[in-house]
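*Asks:* Sharing a structure here in C-alpha cells format.
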Amino acid sequence: MATVLSRYKSLPYNWKFSIIAFVLTGAIGLLSMGLLGILLYYLVAFAMPKSIDDLHGDGVWPTIILVGMLWSFGFLMAAYVRSAFAKIMAYKLVLNGSYVIIIWLWAAALWYALLSWPIN
1 MATVLSRYKS LPYNWKFSII AFVLTGAIGL LSMGLLGILL YYLVAFAMPK SIDDLHGDGV
61 WPTIILVGML WSFGFLMAAY VRSAFAKIMA YKLVLNGSYV IIIWLWAAAL WYALLSWPIN
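For the sequence shown, the working numbering gives the first residue as 1, with consecutive numbering after it.
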C-alpha cells in the first residue's frame, strides 16, 4: 500500500486529478442511476444524428447508466494526451483545452455508438 501511495504522490498534477475524476465519475455514473448519462447526452445532443427518443424498450436505462460509467475512462485518456502534448508545448491554454475537448469527444463517441447500436 505504501508503494502505491508513493507512486501516486510522484505523479504529475493532471494524472492525480484524472485518477480521482475517473474513480468519482465511475461511481457517480452508477449511483446517479442515469442522471450523469442524461446530462452528458444533453451536452452532445446537437452533434448526434439520432435522438435519445429513438431508444425503446428495456435497454434504455442500462444504456444511459453505461454511458455515465464509461465516460470516466475519458479522464484517463485526456490525461495521457495532455501529458504527450506537454512534452512538445508549454501553453497551458492549449493543454487544458485539449483535455476538455477529449472529454467532450469521448462523451460524443459513447453516445454516438450507443445510439447507433442500442442495447436490447
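Where a beta carbon is used, it is the ideal one built from N, C-alpha and C, also for glycine.
Fair warning: this is a prediction, and the values are worked out from it, not measured in the lab.
Terminal residues of the continuous alpha helix (DSSP H) containing residue 106?
*Replies:* Start and end: 92-116.
*Asks:* Please classify residue 50: does DSSP put it in a helix, a strand, or coil?
*Replies:* coil
*Asks:* Can you tell which of 116, 93, 86 has its C-alpha closest to the C-alpha of residue 15?
*Replies:* 86
*Asks:* Buried or exposed: residue 75, going by 16 or more other Cβ atoms within 10 Å of its Cβ?
*Replies:* buried
*Asks:* To the nearest angstrom, how far is the alpha carbon of residue 56 from that of residue 66?
*Replies:* Between the alpha carbons of residue 56 and residue 66 lies a distance of about 16 Å.
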